[in-house]
Structure formats: structure tokens, C-alpha cells
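The sequence shown begins at 1 in the UniProt record's numbering and counts up one residue at a time.
The C-beta atom is built at its ideal place from N, Cα and C for all residues, glycine as well.
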Amino acid sequence: MAQSARGALGLAAMATRELAPVYVLGGNRIPFARSNGAYLSETNQSMLTAALDGLVARYDLAGAHLGEVAGGAVVKLARDHSLTREALLDTALSRATPTVDVQQQCATGGQAVVHIANKIACGQIESGVACGADTTSDPPIGFGPRLRDRLVRINAARSTGDRLKLAVQLPFSLDFDIPSPHERRTKLTPGAAQAVTGERWGIGRAEQDEIALASHRNLAAAYDRGFFDDLVTPFCGLDQDDNLRRDIDAERLARLKPCFGGPDGTMTAANSTTLTDGASSVLMGTAEWASQRGLTPLARIVDAQSWAVDYVDGDPKTQGVLMAPAYAVSALLRRNGLALQDFDYYEIHEAFASQVLSTLAAWADPGFCRDELGRDEPLGSIDRERLNVAGGSLATGHPFGATGGRITATLAKLLARNGAGRGLISICAGSGMSVTMILEAA
């Protein structure tokens, strides 16, 4: 009872405390690399450590005792059960810094940002790092159910004779559990599911290729003007994302064959993200903590919203596996009294160009906004010139756990360079989920 009373008093105090402003102070990532390429011999831990090492070096954090480090990965081996903690222990950060692992499919990095932001806002910590990594070059290939069952029975056997009887059957039970991108409930890959959603929204091939073309051109221009000089640390011989195609052109894109949706599909290898390895990190804190460390805040995290849709039994047009951001952004705008057009930058995760365009189409559709979002008027359209202005996932690649950190750090720097303004983050995720955020210049 005494413990419960103290806990209740603590919660009451937190409820009456004014929330502290939360700032993005900087970021660092390693270049993203196509799967089975430059990072073939790397692991989630080694890449996450590299991203954190770069952050520590850039912001003079050696020995710093931070409030918390939150991170995660989607494609994890058994050895990654305490990934963030093990990565931190390999860095120069104080080992007294606590860690926590998070996971929400492609929104993992974004949820790590929200986790740290919430703790800072509530006054539980003054500083923290959100981070994430993923490698599809080092997949968790495990024992299949038949072999696992046999090994469990051997372990449970009470005599050596019983164990031997079971052991001789092992050669007939050698099956392996290999990771698959297919959703467990629908048996569809995200790409196959999005092909259906895109077709329902009438998304064409040319407009998808335009999104891809802009993504690569914007990323190349950002690298050329030095935008990423203080956001990316070279790793394993790479100093830029190796998925970037500087020689991309509309004619070449138009010749590619569909990879989803059958022979008449509109989704190709160019307007869909490729499997990618990489890691990212974002430094966050209060204004007071930043001042103590001699750091200048880049942007303030205003609010965040998660959402999920019924992609299993729902209409694939409105409840498609990657349609959750359409709902999350609407709720976020309503709570903050903002219109869709009240932003200087839009950072929309390009899982597929079709997904980006389906979301934009939904926001502009009167029926969807009325029936699904409960709005009298459609949210409307956005200025495409403000979309992913420093490149998007189609160009950088998409290491599942690292994309949220990349997007957050990129947007924070854009706002800081602009000196004013507001940005919207929208990240779709597998299993019908999403995370969205609003950032403002500090």
C-alpha cells in the first residue's frame, strides 16, 4: 500500500507538471548500403555502435551520462536481445546510461524518437538518444518447427537412452526458419499489398517514377552542397548512400519491368525501396541541457501520433497495410489546430512511391476524409516542391530501424538552416501501423 501510494503521488505530480519543450540537438548516421554489399560482414550491433560513435565524437559526448538511449532493429538475431545496451557499451558514453529496445516495424526509429521525447517532456530525463539499425545481409536463420520440437524433446528426456532415441531422428528433422517479408495474416508482402491499394487509388506508373526521380536528384544535390557533412559518418569505405543513382533519368525508369502487381503492375525496383543495411542516431534534450553542453537546438518536437489500420479484414483501398499515416496525420493536425498546408517541409517515408501517392490521394479525397477521417472538407494537397527536399527512402535506401532517425535528423537540420518554419514527418510501417510527428524550428 505504501509503495502504491508513493507511486500515485508521483503520477499526480507528473500530471500537474508543465511539459518541458523537447529539442533535436543533432544527428548522425552511417551511409546506408544495399543489402549483401558493403556491409555484408557487419551486424546490427556494429552498425549501431558506429552511428553512436559518430554522434559521440561530433557532440563531445565521451563519458557523458545521458538520461536514456532508446533504439532497436526489426531483423534481429538471438544475440541482439539487448541490442541497444550492447551497442552503447561499445561506445565512449557513460556505462551508467540506461537503454531500452523498441520495435515497431519500419516505424522503429520514429518510435524511439517519440519514446525519448516523451520522457524529456515529462521531466524524467534531460537528455537522450534515439537510434536504430537493421541489416538484411545478416538475417536470423533459425531452426524450423520440426527441428526445434526434436531438440526440445531431447532436452526434456529423462535418460540418456531416451535422448539417443530422439537424437538419431535429427537428420530427418533438419528444417530451417528463414525470414520472410510476407505479412503473417494476409500472406502478402508489403509491395504486393500496396500494389492493390495503389490500383484502387488509380496511382499511375509515371507519377511513381517522378517521385523516384525527385528522390535521387534531391539526395544527390543535398550531398553536393554539403548538407550531410555533419549528419553522416563514413563507414566501411562508404561516405554516401550507395543506393543513390546520380545518372537516373525518366527514360531509364520507364524501361523497368514491374516487380509487384503482375505484368501490368506499376511498381518497379526503382519506385520501391530496396533491402538496405544501416544505422542512425538522434541526440535530444532540454534547452537547459543543450546550453550546458554548448549545443544549439535545431528543432523542437511539437507532437506525435501513432495509428494502426485493420489491414487484415479492411478495405485495401482505405485500410491497406501502409495506409495508417493517412489517419495519423489527420488526428495530429486536428489536435494541433493545423491544416495540411501549414508546413514548410514534408518528410514522408518512401517505402514505395505508390504508398506516398496513395496517402496524398486520400488526403485530397472528399469521400475518404468524410467517411474515414470524420472531416467536412478534404485535407487537400501539398506543395510537392516541399516534399523530401533532401532525398527520401527511395534514394537513401531503407534499413527498417534506421529510417526514423534519418528522417528526424534531416528535418531538424532543414528547419535550422531555414531559421523558421514547421515540418511534418509521416512514416508507414508493416502490419498496418505508422508514426507521425510535427517539428518546428527551435
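Can you give the Cα-Cα distance for Thr-160 and Ile-154, rounded to whole angstroms? 9 angstroms
Please name the residue or residues paired with Met-437 in a DSSP beta bridge. Ala-304, Ile-425
Under a three-way DSSP split, which group does Gln-319 fall into? coil
If you run the structure through DSSP and keep just helix, strand and coil, what is Gln-104? strand
Length of the line joining the Cα atoms of Thr-197 and Arg-370: Their Cα atoms are separated by approximately 19 angstroms.
Check for me: the alpha helix (DSSP H) holding residue 460 runs from which residue to which? The first residue shown for the chain is 1 and the last is 442, placing residue 460 beyond what the model contains.
Using CA coordinates, which residue listed in Pro-399, Ser-358, Asp-60 is at the minimum distance from Ser-381? Shortest Cα-Cα distance from Ser-381 to any of Pro-399, Ser-358, Asp-60 involves Ser-358.
Can you tell me the Cα-Cα spacing of Ala-395 and Glu-183, whole angstroms? 25 angstroms
Mark Ser-41 as exposed unless 16 or more other C-beta atoms lie within 10 angstroms of its C-beta, in which case mark it buried. exposed
Bridge-paired residues (DSSP) for Thr-268: Pro-258
Mind checking which residues open and close the alpha helix (DSSP H) that includes Thr-167? The question names Thr, but residue 167 is Ala in the sequence shown. Note, Ala-167: alpha helix (DSSP H), 160-167.
Over what stretch of residues does the beta strand (DSSP E) that includes Ala-133 continue unbroken? DSSP places Ala-133 in the uninterrupted beta strand (DSSP E) bounded by 127-134.
Residues in its own chain within less than 7 angstroms of Arg-58 by CB, not counting five upstream and five downstream? Gly-26, Asn-28, Asp-230
Note down, in chain order, each residue of its chain lying with its Cβ closer than 6 angstroms to the Cβ of Ala-50, except the 5 sequence neighbours on either side. Ile-30, Phe-235
Which stretch, first to last residue, makes up the alpha helix (DSSP H) that contains Asp-149? 145-156
Please specify which runs of the beta strand (DSSP E), each continuous and at least 3 residues long, are wholly inside the region 324-402, giving them in chain order. With a minimum length of 3 residues, the continuous beta strand (DSSP E) runs that stay inside the region 324-402 are 345-348.
So what's Ala-5 in DSSP terms, helix, strand or just coil? Residue placement at Ala-5 cannot be trusted, given a pLDDT of 45 that sits under 50; the coordinates are not used to answer.
For Ala-420, which residues in the same chain have their Cβ closer than 6 angstroms to its Cβ, ignoring the five residues on either side in sequence? Ala-441
For the 8 angstroms Cβ check, are there 3 or more pairs between the region 398-416 and the region 278-291? yes
Need the endpoints of the alpha helix (DSSP H) that Glu-68 sits in, please. Element bounds for Glu-68: not the alpha helix (DSSP H) but the beta strand (DSSP E), 68-71.
Separation of Val-302 from Val-56, as counted between CA atoms: 25 angstroms
Using a 10 Å radius around the Cβ and a threshold of 16 neighbouring Cβ atoms, would you call Ser-291 buried or exposed? exposed
Option in Val-74, His-216, Gln-305, Pro-316 with minimal Cα separation from Cys-106: Val-74
Assess, as a yes-or-no matter, whether the region 63-74 is touched by the region 87-107 under the definition of 3 or more beta carbon pairs within less than 8 angstroms. yes
Roughly how many angstroms separate the alpha carbons of Glu-18 and Cys-122, rounded to a whole number? 8 angstroms
Taking just the CA atoms, how far does Ala-270 sit from Arg-252? 10 angstroms
Do you know whose CA, among Ala-287, Ala-221, Thr-408, lies nearest Val-389's CA? Of Ala-287, Ala-221, Thr-408, the residue nearest in Cα terms is Ala-221.
Find the nearest neighbour of Tyr-311 within the set Ala-192, Leu-88, Ser-137, judged by alpha-carbon distance. Ala-192
Contact test: Gly-204 Cβ vs the ligand PLP heavy atom, cutoff 8 angstroms: The ligand PLP is not part of the structure shown, which contains no ligands of any sort.
Which residue comes first and which comes last in the beta strand (DSSP E) that contains Asp-277? Per DSSP, the continuous beta strand (DSSP E) segment holding Asp-277 begins and ends at 276-285.
Name the two residues that bound the continuous beta strand (DSSP E) containing Asn-243. Per DSSP, Asn-243 belongs to no beta strand (DSSP E) and is neither H nor E.
Determine the extent of the alpha helix (DSSP H) in which Ala-39 is found, giving its start and end residues. According to the sequence shown, residue 39 is Tyr rather than Ala. Note, Tyr-39: premise wrong, no alpha helix (DSSP H); not H, not E.
Are the region 233-249 and the region 326-335 touching, with three or more C-beta to C-beta distances below 8 angstroms? no
Cut-off 6 angstroms between Cβ atoms - residues of its own chain near Arg-386, not counting five sequence neighbours on either side: Excluding positions up to five away in sequence, the list reads Tyr-345, Tyr-346.
Length of the line joining the Cα atoms of Leu-439 and Leu-338: 13 angstroms
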